[in-house]
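Start counting the sequence shown at 117; every next residue gets the next number (the numbering used here).
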Amino acid sequence: MLTALVMLTALVSIATAQPSRLADERALVLELLASDRLAEAEAAARAMILTSDDAVSRDLLGLVLSRAGRPVEAEREFRRAVELDPELQIARQHLARILLQQGRLDAAAVELRAAAELGPLERDLAFQLARTEIEQGRLDAAAKQLRHLVESEASVRAMIQLARLHGSRGEHPEALESIRAALERAPNSEEALHLLATHSLASGAPLPAARALEALTRMHPDTADYAYLLGVAYLQIGKADEAVAALERALALEPRRPLTLIALGIAFNTQKRFDRAARVLDEALELAPANVEALAAVAEAEIGRGNTESAERHAVRALGIEPDHPRANLALGMVLMERGRFAEARDVLLRAVEGDRTMAKVHYQLSLAYARLDERESSERHRELYRAALERQEELLLQARSEA
117 MLTALVMLTA LVSIATAQPS RLADERALVL ELLASDRLAE AEAAARAMIL
167 TSDDAVSRDL LGLVLSRAGR PVEAEREFRR AVELDPELQI ARQHLARILL
217 QQGRLDAAAV ELRAAAELGP LERDLAFQLA RTEIEQGRLD AAAKQLRHLV
267 ESEASVRAMI QLARLHGSRG EHPEALESIR AALERAPNSE EALHLLATHS
317 LASGAPLPAA RALEALTRMH PDTADYAYLL GVAYLQIGKA DEAVAALERA
367 LALEPRRPLT LIALGIAFNT QKRFDRAARV LDEALELAPA NVEALAAVAE
417 AEIGRGNTES AERHAVRALG IEPDHPRANL ALGMVLMERG RFAEARDVLL
467 RAVEGDRTMA KVHYQLSLAY ARLDERESSE RHRELYRAAL ERQEELLLQA
517 RSEA
């Protein structure tokens, strides 16, 4: 419903700046409007216009008409107010409201943009303009409205929407900054905790993701997605046992979900439970036959089981879909190493490194490949990178355990 008196304070302020007679007339209209004596308010507003036909008087009449459920007439008065004074921001906001009430979103957006140029919008109109700007791809303009709401009102809703906007542009650090600000004011916000988890995972920070997801799984133990994401976070930390437990819980809540099955298969691979991994991943491929992650993980499981032909077949199939996939290139490189084709293995493993420089196993395999090719300097360099990757993983695991 149109909130006709939302700018009452500002209107009174404007009224008192006028000669006393006009100020008294405007105050009377506002008093009648506040007490819902609409017929008297309209009569008083029209009488005022006969002697003082200015923007504020027209705006007041528009307010009375909108409260009386006469939007067409109200719009006419608001437009007249804007014509008389294009910089009367109150009138532009009232005009935008009446247009929104009629579902004329594009026309309302025009007025809201003009009003925003004159100063901050009312809270609900600022959110409306931000939503419109996002829908029309004007993300910088949307961010401006949301930042104003954050700065002026410390609005948690605006912080979360700003985080989503940054996330849509891949700006994970900026998104995380907004999310943390939201959580300072609303520490149990499900939406903010979920965003913290997803953006932390996307930016390679699994520890804060795990903390947020542990809270979410306590608050919402029946939500499969939170258990799944917690399993993924644990995998990135290196807590394979905890990852398996979380992923099995997610699978019990939502059976035969391909993403959960794939993550569980990768967790079993990490535990060297390759037979179990292969069974889970086969089920994933039944549901998503072209999933590259599943194909690469199956290849890794088959290597662990000693089935190099099957491993090669799955790795090649994955690379046919995504040639630079790190895990698939690692699996194919390991198959080639097994067959003594060290130069080919080196080239394939280098593609794996380009895709993910943090994978310790790739650096280890490359150190072996270079050693077989008698390139000792390169072999030692990748051995050092392998040790550094292991140390980073160990530090992450120790930090996770110290915070538990």
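For every residue, glycine included, the Cβ atom is placed at its ideal position computed from N, Cα and C.
Helix, strand or coil for Thr339 per DSSP? coil
Where does Pro374 fall in DSSP's three states? helix
Skipping 5 residues on each side, what residues in its chain have a beta carbon closer than 8 Å to that of Ala131? Unreliable positioning characterises Ala131 in this predicted model, as indicated by a pLDDT of 47, which lies under 50. The coordinate reading is nonetheless provided below. Closer than 8 Å at Cβ, skipping near neighbours: Leu138, Ala139, Arg142, Ala143, Leu146, Val172.
If you pair each beta-carbon of the segment 298 to 316 with each one of the segment 491 to 507, do three or more pairs fall below 8 Å? no
Assuming contact is defined by CB atoms lying nearer than 9 Å, are Leu329 and Leu346 in contact in what I supplied? yes
Limits of the unbroken alpha helix (DSSP H) element including Ser305: That residue, Ser305, is in no alpha helix (DSSP H); it is neither H nor E in DSSP.
As a quick exercise: from Pro187, Ala340, Gln244, pick the residue whose alpha carbon is nearest that of Arg229. Gln244
Tell me which same chain residues have a C-beta within less than 6 Å of the C-beta of Gln277, skipping the five on either side of it? Leu262
Take the Cβ of Val414 as the centre, count every other Cβ of all protein chains shown within 10 Å, and call the residue buried at 16 or more, exposed below. buried
Please determine, among Arg239, Leu211, Pro236, the residue with the shortest C-alpha to C-alpha distance to Val79. Outside the shown range of the chain, which is 117 to 520, sits residue 79, and nothing can be said about it.
For my contact list, Leu204 and Glu193 are in at a C-beta cut-off of 8 Å; report their separation, rounded to the angstrom. Not confirmed; about 12 Å, so no contact.
Pick helix, strand or coil for Thr167, following the three-state DSSP scheme. helix
Among Ala232, Ala184, Leu482, Ser483, which has the Cα closest to the Cα of Ile96? Only positions 117 to 520 of the chain appear in this structure, which leaves residue 96 out of reach.
Within the segment 402 to 437, note down every full alpha helix (DSSP H) run reaching 4 residues or more, in order along the chain. 408 to 420, 424 to 437
Residue from Leu154, Ala197, Val360 with nearest C-alpha to Ile165: Ala197
Tell me the DSSP secondary structure of His441 in three-state form. coil
Counted within 10 angstroms of its Cβ, other Cβ atoms place Arg473 as buried (16 or more) or exposed: exposed
Residue closest to Thr386, alpha-carbon to alpha-carbon, out of Tyr350, Pro374, Leu179: Tyr350
Any idea what DSSP makes of Glu500, helix, strand or coil? helix
Output the residue ranges of the alpha helix (DSSP H) runs that lie fully inside the segment 148 to 210 and measure 4 residues or longer, sorted by chain position. 154 to 167, 171 to 183, 187 to 200
Express the C-alpha separation of Val266 and Val272 in angstroms, rounding to a whole number. 7 Å
Please report how far the alpha carbon of Leu221 lies from the alpha carbon of Pro187, in whole angstroms. 15 Å
Compute the Euclidean distance between the alpha carbons of Glu496 and Ala279, then round it to the nearest angstrom. 43 Å
Evaluate contact between the segment 455 to 466 and the segment 398 to 415, counting only Cβ atoms and requiring at least three cross-stretch pairs below 8 Å. no
At which residues does the alpha helix (DSSP H) containing Glu491 begin and terminate? Note, Glu491: premise wrong, no alpha helix (DSSP H); not H, not E.
Grouping DSSP H, G and I as helix and E and B as strand, with all else coil, what is Lys355? coil
Asp175 versus Glu306 - alpha carbon distance: 42 Å
According to the neighbour-count rule (16 or more other Cβ atoms, all chains shown, within 10 Å of its Cβ), is Lys388 buried or exposed? exposed
Where does the unbroken alpha helix (DSSP H) through Ser284 begin, and where does it stop? 272 to 284
Helix, strand or coil for Leu255, going by three-state DSSP, please let me know. helix
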